[in-house]
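In the numbering used here, the protein residues as written are 10 to 220. Heads up, the beta-carbon is just placed ideally off N, CA and C, and yes, glycines get one too. Here the structure is a predicted model, which is why all the values come from computation and not from measurement.
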């Protein structure tokens, strides 16, 4: 039995080896037919390209120096104002002080003399005795709006009294106004000779020298 088992194992191993050899031959024949072996040979026998790479030389030049640093000018800081309170030296009470007279300021120059212009003083009327012209204005002339200038001539002595009857030298154009002017001039007896008063607009009276 032992010899039979040994022969069986030997036969099985031999059969396996033969099967592998046959399979290899079959694959080799298929490769030759399909051209796979040719491609493998071409790849193996293809020329190998070589390239020479130049060695990179290190740059022997030194790097440029860094830019110089700009020096900033020093900033001047003004010293702080320090207030120091110093004790005030009090003068002794018995110290003798020199009394100096203060300079007297000069007196201002006198103002220039004022040049007074001659003052023209109008002749004043004696209002207390002068009759009012409104009292002698005719009411009819006032209603009618009559007005004008009547010149009356009267002779007056140095005392202001009227000599004779005043006369009309220039009419106003209205008889009633002329009559009123004559009555007003006659009623002014005793007033200064140079006074002149108007009746409504103006009544002029001239003076004559008495003999």
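- Counting C-beta pairs with one atom in each stretch, the segment 173 to 185 and the segment 152 to 162 have three or more that are closer than 8 angstroms, which means they touch.
- Residue 39 counts as exposed, since fewer than 16 other C-beta atoms from the protein chains shown sit within 10 angstroms of its C-beta.
- Straight through space, the alpha carbons of residue 29 and residue 23 are spaced by roughly 10 angstroms.
- Around the beta carbon of residue 161, 16 or more other beta carbons lie within 10 angstroms, which makes this residue buried.
- In the structure shown, the three-state DSSP call for residue 149 is helix.
- Residue environment for residue 143: exposed (fewer than 16 other C-beta atoms within 10 angstroms of its C-beta).
- With a threshold of 16 other beta carbon atoms within 10 Å, residue 165 meets it and is buried.
- As DSSP reads the structure, residue 179 sits in a beta bridge with 160.
- DSSP lists 171 as the beta-bridge partner residues of residue 165.
- Nearest neighbour of residue 147 by Cα position, chosen from 114, 175, 190, turns out to be 190.
- By the neighbour-count criterion, in which a residue is buried when 16 or more other Cβ atoms sit within 10 angstroms of its Cβ, residue 73 is exposed.
- Close CB contacts of residue 149 within its chain, under the 7 angstroms cut and outside five residues either way in sequence, are with 185 (chain order).
- Distances from the alpha-carbon of residue 173 to those of 70, 151, 80, 196 put 196 closest.
- Counting only residues of its own chain and dropping the five nearest sequence neighbours on each side, residue 192 has a CB closer than 6 angstroms to the CB of 145.
- Residue 171 counts as buried, since no fewer than 16 other beta carbons sit within 10 angstroms of its beta carbon.
- Boundaries of the alpha helix (DSSP H) harbouring residue 190: 184 to 195, taken from the DSSP string.
- Secondary structure of residue 81 (DSSP, three-state): coil.
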